[in-house]
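One structure below.
2 protein chains.
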Amino acid sequence: MVSERGLEVLRAIVQDYVDTREPVGSKTIVDRHAFGVSAATIRNDMALLEDEELIVAPHTSSGRIPTDKGYRVFVDHLAEVRPLTPAQRTAISSFLEGPVDLDDALSRTVRALTQLTGQVAIVQYPSFERASVSHVELVQLGSGRMLVIVVTDTGRVSQRVSNVHDEFDETDLGRMRAELSTLLVGRSVRDGLQRIEAHLALHDDPTKPWDAATRVLARAVAEDLEEFRQDRLVLAGSANLAKRESDFRGSIYPLLEAIEQQVTLVRLMGEMVADEHGLAASIGRENEAFGLAEASVVTSDYDATGAGARVGLLGPTRMDYPTNLAAVRAVARYLTRMLEEDDTSR
Amino acid sequence: MVSERGLEVLRAIVQDYVDTREPVGSKTIVDRHAFGVSAATIRNDMALLEDEELIVAPHTSSGRIPTDKGYRVFVDHLAEVRPLTPAQRTAISSFLEGPVDLDDALSRTVRALTQLTGQVAIVQYPSFERASVSHVELVQLGSGRMLVIVVTDTGRVSQRVSNVHDEFDETDLGRMRAELSTLLVGRSVRDGLQRIEAHLALHDDPTKPWDAATRVLARAVAEDLEEFRQDRLVLAGSANLAKRESDFRGSIYPLLEAIEQQVTLVRLMGEMVADEHGLAASIGRENEAFGLAEASVVTSDYDATGAGARVGLLGPTRMDYPTNLAAVRAVARYLTRMLEEDDTSR
DNA sequence: ATTGGCACTCACAGTTGAGGAGTGCCAGCG
DNA sequence: CGCTGGCACTCCTCAACTGTGAGTGCCAAT
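For the record, the sequence lines run as chains E and F. First residue of the first sequence: 20, per our numbering; consecutive thereafter. First residue of the second sequence: 20, per our numbering; consecutive thereafter.
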């Protein structure tokens, strides 16, 4: 079993390797860290760490580098989340100053995070499933097309062009609008979807006859609602991957691909399990199923009035976990506070 | 001066180099292309081409590669835009089947284009400056916030949350809505902006007194309109850059940066001058001012009922211009036709 | 103008050898 | 029993060197 000091050695190796990108040897450790023992002793500890597969030597006689498992132990047991410097704090708050709009707030957040860490930053939109519909609007565009707009009480808007193949006068339009509004306004997104389904199923019921146009529009509204349920991401800093390219043995192609597709990242972030502080990390091979075996993701939960979501960072396995965890945590807190302020004043 | 055959030699060099990524020598040319002359003759021609700075030898005694100037001559005088194969055509049309929505159409287009060429694909949104406002909607969100929605006759929606620090009853709301609608509906985006400015300037005029809330909302509407004017892009395939990385001497960082910022690409595409077929290419160093000295962009204009815009490809200078020009042209034509169909039925 | 011949250049790949960082192991010591 | 200094060993890295071959430029001949 690996001793107390052995773990300290692991910590030193992770820190130095992240710092220098060079395999670290016993001598370096003795020089840079104040262990009270000789290099030979460190070597013995390192042999044990290697048995536990926490570190490896890239070749017979060079220093050691952490394995993914080593990073995992480091993150779980050794890393103290490093508080941000005051300069960093003011940087964040200056970034996040002012916005009222959720879109605005999230896009600033993601930029702050990438700026702060030099990694790819990710912010999840909070889920709007429990938001309630506050408005349904129909706008005729001519040529038989209708613009269908749905608004939630949280200020989200979803729109869709639908082809009804017909023109309507104000009376008809008002009637359809009223029917859809009655059905949906004040209901949650989730309920709204069910109610539409139910009504469409009542097709045969002569007492509640939706005409063809209304049915088409109801479908469009359903698609709008569906969009609220979808997990959306905001991303920034993907160009940073080009800078850190040497940290990836293979190509950065899978990373760029995941960034472009988004769905991979949504799933990945969805499967991560946060600790009691809302922090989580997924390291290297743990992401193999997503094609990101050389990358790590760290996330922090934030809270948008009940509907939680995550902010995260994507980068090479060889990343500075303490700093990055601190960054996502701090940014998540700022974001939570900002969204709460908006909300309590309501 | 460089002879007729000299230009043929240039063409051969460009084609072979794009094909093989290897500097091409006189022997290779004689082997692969049916010039009726010996290698020595080709060598003489190559010496002339080198004098004209159309080709260079990376080092004494290896084959030649085209310079940016060489690519330029190739594109302007030598490249025949290669028609697509039937398979490619059906691929495009299957990609573009179905959508009614402009967003949908453009996002499919950009995916078709990246799929077809393996490059980064770019589609510009048509300008909505001349679209006219068909609808202004106000939705109260509570906590003194108001959602402002503007819709154009082309079905574009822009929304914005604005803080009016107050709650209003239906009468007030109706009044404000009516005032803004009267001012804007039926007017073009450009005119609308001017009219708002003018009205805000009338602040002192006691005959047309906008109250504070209306003024705040008018500003929000102006921002919405501003958004319609902005040139927007849809991009796809940025991960492809990682595959073609070896074609870039330096890093792909500037390219990813430009893709993320978009504004650089908007300007670049804006400055390109199309030929009589709506095609344009900007090659290598010609893009130096945008930090993209190792990249090329080819574009084709498409037409969305008067409001034109461009589809384009971004890739390494060493790209297959004939094929890529053919691809953007074909896709632009499909897109034009699709948008026209929508429109004529109006 | 075109061609074959020829001397020349130079990148590339492989080889060799010295240097050095780092290891594993062992015997001795507190 | 843990720690230490010492030592032989490994093997990466770097630089110098070499042979090979592709490709060139030039020239005299056609």
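Glycine included, C-beta positions come from ideal geometry on N, C-alpha and C. These figures come from a predicted structure and were not determined experimentally.
Residues that residue i contacts on chain E, provided the C-beta gap is smaller than 7 Å
| i | result |
| --- | --- |
| residue 249 of chain F | By Cβ distance, chain E contributes nothing, its closest Cβ being about 15 Å from residue 249 of chain F, past 7 Å. |
| residue 153 of chain F | 158 |
| residue 356 of chain F | Those within 7 Å of residue 356 of chain F in chain E number zero; the least Cβ separation is about 16 Å. |
| residue 196 of chain F | Those do not exist, as residue 196 of chain F stays about 12 Å from chain E at its closest Cβ, beyond 7 Å. |
| residue 286 of chain F | Residues of chain E passing the Cβ test: none, with the nearest at roughly 18 Å. |
CB contact flag (residue i, residue j, <8 Å)
| i | j | result |
| --- | --- | --- |
| residue 253 of chain F | residue 158 of chain F | no |
| residue 170 of chain E | residue 153 of chain E | yes |
| residue 89 of chain F | residue 73 of chain F | yes |
| residue 58 of chain E | residue 46 of chain E | yes |
| residue 288 of chain F | residue 329 of chain F | yes |
| residue 220 of chain F | residue 181 of chain F | no |
| residue 150 of chain F | residue 122 of chain F | no |
| residue 333 of chain F | residue 107 of chain F | no |
| residue 302 of chain F | residue 87 of chain F | yes |
| residue 103 of chain F | residue 349 of chain F | yes |
| residue 243 of chain F | residue 179 of chain F | yes |
| residue 316 of chain F | residue 340 of chain F | no |
| residue 345 of chain F | residue 101 of chain F | yes |
| residue 28 of chain E | residue 65 of chain E | yes |
| residue 279 of chain F | residue 257 of chain E | yes |
Under 8 Å by beta carbon: chain E residues contacting residue i
| i | result |
| --- | --- |
| residue 272 of chain F | 258, 261, 262 |
| residue 172 of chain F | 160, 161 |
| residue 168 of chain F | 156, 168, 170, 176 |
| residue 206 of chain F | Per Cβ cutoff of 8 Å: no residues; residue 206 of chain F is ~16 Å from chain E at best. |
| residue 279 of chain F | 255, 256, 257, 258 |
Assumed close pair residue i, residue j - CB separation to whole angstroms, cut-off 8 Å
| i | j | result |
| --- | --- | --- |
| residue 314 of chain E | residue 336 of chain E | 7 Å |
| residue 49 of chain F | residue 61 of chain F | 6 Å |
| residue 2 of chain F | residue 237 of chain F | The requested residue 2 of chain F is not part of the displayed model; chain F covers only 20 to 365. |
| residue 214 of chain E | residue 206 of chain E | 6 Å |
| residue 347 of chain F | residue 327 of chain F | 14 Å between Cβ atoms; not a contact. |
| residue 94 of chain E | residue 351 of chain E | Going by Cβ atoms, the distance from residue 94 of chain E to residue 351 of chain E rounds to 17 Å, so no, they are not a contact pair. |
| residue 77 of chain F | residue 42 of chain F | 6 Å |
| residue 353 of chain E | residue 115 of chain E | 6 Å |
| residue 111 of chain F | residue 124 of chain F | Not confirmed; about 12 Å, so no contact. |
| residue 320 of chain E | residue 293 of chain E | 6 Å |
| residue 71 of chain E | residue 21 of chain E | 6 Å |
| residue 255 of chain E | residue 129 of chain E | 4 Å |
Interface residues of chain F facing residue i [CB-CB closer than 8 Å]
| i | result |
| --- | --- |
| residue 138 of chain E | Those do not exist, as residue 138 of chain E stays about 14 Å from chain F at its closest Cβ, beyond 8 Å. |
| residue 295 of chain E | Correct list: empty, because the minimum Cβ distance to chain F is about 32 Å. |
| residue 179 of chain E | 120 |
| residue 130 of chain E | Within chain F, no residue comes near residue 130 of chain E; the closest Cβ sits about 10 Å away, beyond 8 Å. |
| residue 91 of chain E | Neighbours of residue 91 of chain E on chain F: none; closest Cβ ~27 Å, over 8 Å. |
| residue 209 of chain E | Result: empty, since nearest Cβ-Cβ is about 20 Å, beyond 8 Å. |
| residue 268 of chain E | Going along chain F, no residue has its Cβ under 8 Å from residue 268 of chain E, so there is no contact; the nearest lies around 14 Å. |
Residues sharing a beta bridge with residue i, DSSP
| i | result |
| --- | --- |
| residue 208 of chain F | Beta-bridge pairing links residue 208 of chain F to no other residue. |
| residue 335 of chain F | F:314 |
| residue 157 of chain E | E:167 |
| residue 74 of chain F | F:85 |
| residue 179 of chain E | E:167 |
| residue 367 of chain E | Examination of residue 367 of chain E is not possible in this model, given that chain E is present from 20 through 365 alone. |
| residue 320 of chain F | F:329 |
| residue 143 of chain F | F:252 |
| residue 278 of chain E | BP columns for residue 278 of chain E are empty, so no partner. |
Contact list for residue i against chain E, beta-carbon separation under 9 Å
| i | result |
| --- | --- |
| residue 275 of chain F | 257, 258, 259, 260, 261, 275 |
| residue 191 of chain F | Chain E residues near residue 191 of chain F: none, gap ~17 Å exceeds 9 Å. |
| residue 40 of chain F | Within chain E, no residue comes near residue 40 of chain F; the closest Cβ sits about 17 Å away, beyond 9 Å. |
Under 7 Å from the C-beta of residue i: neighbouring residues of chain F
| i | result |
| --- | --- |
| residue 238 of chain E | By Cβ distance, chain F contributes nothing, its closest Cβ being about 13 Å from residue 238 of chain E, past 7 Å. |
Contact set between residue i and chain F, taken where Cβ atoms lie within less than 9 Å
| i | result |
| --- | --- |
| residue 234 of chain E | The contacting residues do not exist; residue 234 of chain E stays about 17 Å from chain F at best. |
| residue 101 of chain E | What residue 101 of chain E touches in chain F: nothing, since even the nearest Cβ is about 27 Å away. |
Mind listing which residues of the segment 108–127 of chain F have their C-beta closer than 9 Å to chain E's C-betas, in chain order? 119, 120, 121, 122, 123
Mind listing which residues of the segment 56–89 of chain E have their C-beta closer than 7 Å to chain F's C-betas, in chain order? none
If contact means a Cβ-Cβ distance below 8 Å, which residues of the segment 316–342 of chain F contact chain E? none
Chain E contacts from the segment 20–33 of chain F (Cβ-Cβ distance under 7 Å): none
Listed in chain order, which residues of the segment 296–309 of chain F have Cβ atoms closer than 9 Å to some Cβ of chain E? none
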